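In our numbering, the protein residues as written are 105 to 766. Cβ coordinates follow ideal geometry from the N, Cα and C atoms, glycine included. Bear in mind the structure is a predicted one, so any value in this text is a computation, not a measurement. Take a look at the structure set out below.
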């Protein structure tokens with residue numbers, strides 16, 4: 105029987121001896137052993153890693169007799185083999201870091217197999233886009249500003265992934281070397297073709313027009329290609345405007361689809377030629393995203409032979425074009441039948457940031473049943489070469505990430521099977537509860553529109569309120585931005601939001617109460633999200649109440665309702681931050697996109713505005729009424745005995761007094 109002990113050695117032989125990827129993999133394996141095995145004098149087996157040219161890339165075999173002999177077709181195959189040993193023998197789960205797996209050290213670990221070998225995945229390229237990564241920016245696990253990224257990419261490898269977009273903009277260039285050192289392929293954000301620096305950052309003040317500044321664009325592309333020489337790259341071709349928008353927003357000369365697609369075709373042909381100067385066998389991808397779907401379906405795109413076409417979901421799991429403002433064309437984002445056998449891939453979101461209603465802080469609001477159906481339809485349509493999953497900040501999206509990993513291995517999404525496996529692995533005795541709670545969570549999400557994917561995540565509890573608050577203060581008859589949900593007078597928009605939130609608040613509150621009976625799930629990411637939604641939905645309802653009270657001339661009551669809204673937003677983000685202890689401390693500190701903190705501040709600003717209307721110009725009557733005792737508030741020989749409080753502090757003092765009286 106072969107046993108791993110604290111004295112087990114891990115070494116590379118042959119060409120792998122010179123590999124920094126293998127060196128890093130060995131270091132990871134040694135760490136895994138130290139996490140799971142006690143220090144002792146017991147002899148341990150040697151693990152020897154060598155290259156086998158008869159194996160294809162990513163393939164591996166393990167034979168465990170007198171030694172553990174690992175043979176691999178390439179570096180990444182060896183990485184996977186060591187991670188297999190880590191999982192099957194040491195018991196380290198794929199998402200161990202992200203789900204806080206607890207380790208109990210043994211004196212030795214028995215290798216229960218004599219032979220094992222790799223199994224091919226359904227997709228050639230399988231990876232993550234670590235995107236909108238603002239939570240990573242405020243989090244320093246164990247004092248490190250890079251560990252979060254390394255642990256994300258380690259989890260990707262443990263789930264069988266092989267490619268990554270390692271962040272957005274500057275982060276992508278910063279962490280590409282780390283990803284490469286771990287054996288991963290690199291690819292690029294669709295707004296950053298070839299991984300080049302954004303034009304407007306490199307050349308501030310210059311109009312980002314290819315016709316005007318083509319040589320400057322070429323300079324950025326060439327620099328990017330040269331910098332990535334030696335890395336395994338799937339080169340993203342394309343041309344979009346600055347800030348991830350159509351380039352013709354900055355160049356009015358391109359006023360027809362034919363002109364726009366024509367320029368894209370010229371540019372990507374030039375980009376491909378440039379890359380092939382450095383890498384004759386280069387692999388290319390092009391994102392059929394947003395406006396490109398229209399060009400593709402009209403037959404206007406001309407892509408280099410073999411280019412992987414990446415079709416994107418709309419951010420809510422449906423393989424249709426994304427909503428852009430109030431425009432929701434829902435064009436099918438799948439290969440046309442004649443392309444079904446060509447190189448097709450997908451860019452799929454488990455998290456999305458659309459400044460309207462998507463999820464960023466919390467798990468997807470869309471049901472896993474719908475997601476599975478969408479994925480299976482995509483596979484059947486011919487999307488079988490590449491899958492990139494937008495995982496945002498990883499932690500809030502773990503169960504969806506696990507489902508997508510099962511899909512890219514098998515080519516079939518079976519959500520009940522995946523959820524049960526995920527819950528059994530990380531919450532042991534609660535898979536049925538987890539499945540039930542996950543389904544109830546999706547059902548509780550606010551729904552709008554006729555489509556199953558018209559669901560609201562955490563941004564739906566912030567951005568629509570910002571829209572309506574702005575129109576309220578401006579005195580507009582309706583909120584034009586809210587029209588993606590309802591185009592109607594402001595009072596009707598408020599009614600619609602109230603109806604959405606009343607149902608969600610009731611369902612989230614019921615789910616929250618029931619989850620308290622399952623402590624392991626209550627402290628999971630799902631439990632933390634539900635707690636956020638209970639408070640955030642209450643905040644939205646108080647905001648709507650404040651508007652209606654204001655409309656009736658009940659200005660002081662409006663003021664108090666706004667205070668209730670501010671308080672509930674503070675409780676919402678407070679509940680998330682309270683769930684993040686230990687190494688997670690600070691994880692939610694930089695909630696910069698949904699920005700729950702700013703929602704509380706917005707309510708406080710509205711309180712000051714309402715106070716001007718109802719308590720100005722003296723600003724002492726509400727102070728007396730809300731914060732003085734009954735015997736003092738009616739005697740105004742002196743208007744006020746202390747300096748005027750700000751609106752929210754005055755509200756808080758009033759609430760404390762009301763509680764004391766009860």
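Per-residue DSSP class, three states only, for residue i
| i | result |
| --- | --- |
| residue 173 | strand |
| residue 549 | coil |
| residue 260 | helix |
| residue 341 | strand |
| residue 164 | strand |
| residue 574 | helix |
| residue 388 | strand |
| residue 639 | helix |
| residue 197 | coil |
| residue 747 | coil |
| residue 290 | strand |
| residue 331 | helix |
| residue 372 | helix |
| residue 424 | strand |
| residue 753 | helix |
| residue 208 | coil |
| residue 458 | coil |
| residue 440 | coil |
| residue 141 | strand |
| residue 431 | strand |
| residue 402 | coil |
| residue 128 | helix |
Exposure label - residue i; buried when at least 16 CB within 10 Å
| i | result |
| --- | --- |
| residue 467 | buried |
| residue 214 | exposed |
| residue 364 | buried |
| residue 667 | buried |
| residue 337 | buried |
| residue 577 | exposed |
| residue 162 | buried |
| residue 621 | exposed |
| residue 742 | exposed |
| residue 734 | exposed |
| residue 238 | buried |
| residue 257 | buried |
| residue 105 | exposed |
Close Cβ partners of residue i (< 6 Å) along its chain, the five nearest in sequence each way excluded
| i | result |
| --- | --- |
| residue 571 | 583, 585, 586 |
| residue 420 | 470, 557 |
| residue 279 | 253, 270, 271 |
| residue 123 | 179 |
| residue 680 | 632, 636, 692 |
| residue 219 | 167 |
N-terminal and C-terminal residue of the beta strand (DSSP E) that residue i is part of
| i | result |
| --- | --- |
| residue 413 | 412-416 |
| residue 232 | 229-233 |
| residue 451 | 448-453 |
| residue 154 | 150-155 |
| residue 115 | 113-116 |
| residue 268 | 267-269 |
| residue 215 | 213-215 |
Proximal residues to residue i (C-beta, below 8 Å), its chain only, five neighbours per side dropped
| i | result |
| --- | --- |
| residue 455 | 235, 236, 462, 463, 464, 468, 494, 495, 496, 497, 500, 501 |
| residue 320 | 303, 306, 307, 310 |
| residue 729 | 660, 737 |
| residue 598 | 572, 648, 651, 652 |
Cβ distance (whole Å) where residue i is taken to contact residue j below 8 Å
| i | j | result |
| --- | --- | --- |
| residue 605 | residue 645 | 5 Å |
| residue 726 | residue 754 | 7 Å |
| residue 226 | residue 544 | Wrong, their Cβ atoms sit about 31 Å apart, outside the cutoff. |
| residue 672 | residue 639 | 5 Å |
| residue 642 | residue 609 | 6 Å |
| residue 132 | residue 198 | Not quite, the Cβ-Cβ distance comes to about 13 Å (not below 8 Å), so this is no contact. |
| residue 437 | residue 392 | 7 Å |
Run of the alpha helix (DSSP H) containing residue i, from where it starts to where it stops
| i | result |
| --- | --- |
| residue 707 | 700-719 |
| residue 531 | 519-531 |
| residue 107 | That residue, residue 107, is in no alpha helix (DSSP H); its beta strand (DSSP E) goes 106-108. |
| residue 609 | 594-619 |
| residue 221 | From DSSP, residue 221 is part of no alpha helix (DSSP H) but of the beta strand (DSSP E) over 219-221. |
| residue 494 | Note, residue 494: premise wrong, no alpha helix (DSSP H); beta strand (DSSP E) at 490-494. |
| residue 668 | 659-683 |
| residue 798 | Nothing in the structure corresponds to residue 798, since the chain is present only between 105 and 766. |
| residue 191 | 179-192 |
Neighbourhood of residue i by C-beta distance below 7 Å, restricted to the same chain and skipping five residues each side
| i | result |
| --- | --- |
| residue 706 | 570, 573 |
| residue 406 | 369 |
| residue 602 | 645, 648 |
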